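Following: one structure in structure tokens, then a few remarks.
In our numbering, the protein residues as written are 9 to 299.
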């Protein structure tokens, strides 16, 4: 029987290959506020994208949790390859399951330690956020421990051109894709779009907030691969693929982007033919200190 949860999340190999990484400048800000660096918990780790950018900075236990077995299988492969890098005291452990009740989930899996750092990367909006804040403060963080919440949105897909009017022509195709699949969103998109602005971190923690917008050069295949990792895209396809008039919205987007790219190439308006698109990505970071 198909695992229903896998409808919501791309398979691990696809997710691993087509998600933006987190800029080092944001990771450095997190680490600069993390005093002890003993144990580290990454909630909803997926394939461990953020976890593997951070784990080397911690002395003892790193834990990654996720509901998707296929994504964790990719994370475990990466961890196996890193074994020789760490000393004998450094362990990485992955736990599969629904961690909505985070403290109870960890306890059930015999994790009773407190953490110097807890991270949620592109995931906090899937949880009961205020409840998570309370649990992290009261049960999971060390004194002066840090809760770091990182997220991003894809603000646009542009052509990699020096001319503004050429750059933005690709964005209509992306917007059409996003508008089509948005009906299947399982959380309030305004929470993520605002950078968790109205989540009451300050009620529980000393809090700082950062926004960093990056233009990432990518290929057309990367753009489409990324769109196919969206949970709402996967739900939309599962619900509609048997309909006679069904058109895969990612493939429709790809066709239109290719048309715009060919026009721009003919006009010699593409700066990088290897990576002819720009992903416009605002990253949001909330650092909450338990003091």
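Where is the CB? At the ideal position from N, CA and C, for every residue including glycine.
What you are looking at is a predicted structure, and each value in this text was computed from that prediction instead of being measured.
Which class does residue 10 belong to by DSSP, given the choice of helix, strand or coil?
Within the chain shown, numbered from 1, the residue matching residue 10 stands at position 2. Any reading at residue 10 needs caution, since the residue's pLDDT is 43, under 50, leaving its predicted position unreliable; the model's value is listed next. Residue 10: coil per DSSP, three-state reduction.
At a cut of 8 Å, does the segment 182 to 202 reach the segment 118 to 136 through at least three beta carbon pairs? As far as the Cβ criterion goes, the segment 182 to 202 touches the segment 118 to 136, which means the pair count is three or higher.
ask   = Per DSSP, which one or two residues make a beta bridge with residue 101?
value = For the purposes of this step, residue 101 is identified with residue 93 of the chain shown, where counting begins at 1. Partner(s): 71.
Original post:
Where does the unbroken beta strand (DSSP E) through residue 286 begin, and where does it stop?
Top reply: The residue you call residue 286 lines up with position 278 of the chain shown. Start and end: 285 to 297.
Leaving out five residues on either side along the sequence, give the residues of the same chain with a beta carbon under 6 Å from the beta carbon of residue 12. As a working note, residue 12 is residue 4 in the chain shown. In this prediction, residue 12 scores a pLDDT of 47, lower than 50, which makes its location untrustworthy; no coordinate-derived value is stated.
Given this structure, state the Cα-to-Cα distance separating residue 140 from residue 34, to the nearest angstrom. As a first step, residue 140 is located in the chain shown; it is residue number 132 there, counting from the start. As a first step, residue 34 is located in the chain shown; it is residue number 26 there, counting from the start. Each residue's Cα considered, the two are about 22 Å apart.
Do residue 106 and the ligand COA come close, with the Cβ less than 7 Å from some heavy atom? The ligand COA is not among the ligands present in this structure, which contains no ligands whatsoever.
Tell me the DSSP bridge mates of residue 159? The residue you call residue 159 lines up with position 151 of the chain shown. Looking at the DSSP output, residue 159 sits in a beta bridge with 292.
- Task: Helix, strand or coil for residue 54, going by three-state DSSP, please let me know.
- Result: Counting from one through the chain shown, the residue named residue 54 turns up at place 46. Residue 54: coil per DSSP, three-state reduction.
Should residue 300 be labelled buried (16 or more other beta-carbon atoms within 10 Å of its own) or exposed? With the chain running from 9 to 299 in the structure shown, residue 300 is simply not present.
Where residue 169 sits in the DSSP three-state scheme: In the chain shown, residue 169 corresponds to position 161, counting from 1. Looking at residue 169 - three-state DSSP - the assignment turns out to be coil, as it is neither helix nor strand.
Between the CA atoms of residue 154 and residue 66 - distance to the nearest angstrom
For the purposes of this step, residue 66 is identified with residue 58 of the chain shown, where counting begins at 1. For the purposes of this step, residue 154 is identified with residue 146 of the chain shown, where counting begins at 1. If I take the Cα positions, the gap works out to 13 Å.
Review point. Which residues share a DSSP beta bridge with residue 121?
Key: Translated into positions along the chain shown, residue 121 becomes position 113. According to DSSP, which records beta bridges pairwise, residue 121 is partnered with nothing at all.
### Message
Which same chain residues end up closer than 6 Å to residue 167 when comparing Cβ atoms and leaving out the 5 residues on each side of it in sequence?
### Response
Counting from one through the chain shown, the residue named residue 167 turns up at place 159. Taken in chain order, the residues that qualify are 174, 175, 178 and 272.
Could you check what DSSP says for residue 111 in three-state terms: helix, strand or coil? To locate residue 111, count along the chain shown from 1; it is residue 103. Residue 111: helix per DSSP, three-state reduction.
Original post:
How is residue 208 classed by DSSP in three states: helix, strand or coil?
Top reply: Numbered from 1 along the chain shown, position 200 holds the residue referred to as residue 208. DSSP places residue 208 in coil when its eight states are reduced to three.
**Q.** With 16 other Cβ atoms within 10 Å as the buried cut-off, status of residue 216
**A.** Numbered from its first residue, the chain shown carries residue 216 at position 208. Exposed, because fewer than 16 other Cβ atoms sit within 10 Å of the Cβ of residue 216.
Within the same chain, show all residues whose beta-carbon is closer than 7 Å to that of residue 9, passing over the 5 residues directly before and after it, in chain order. In the chain shown, the residue the question calls residue 9 occupies position 1. Note that residue 9 scores 33 on pLDDT, short of 50, meaning its location in the model is unreliable; the coordinates nonetheless yield the value given after this. Closer than 7 Å at Cβ, skipping near neighbours: no residue.
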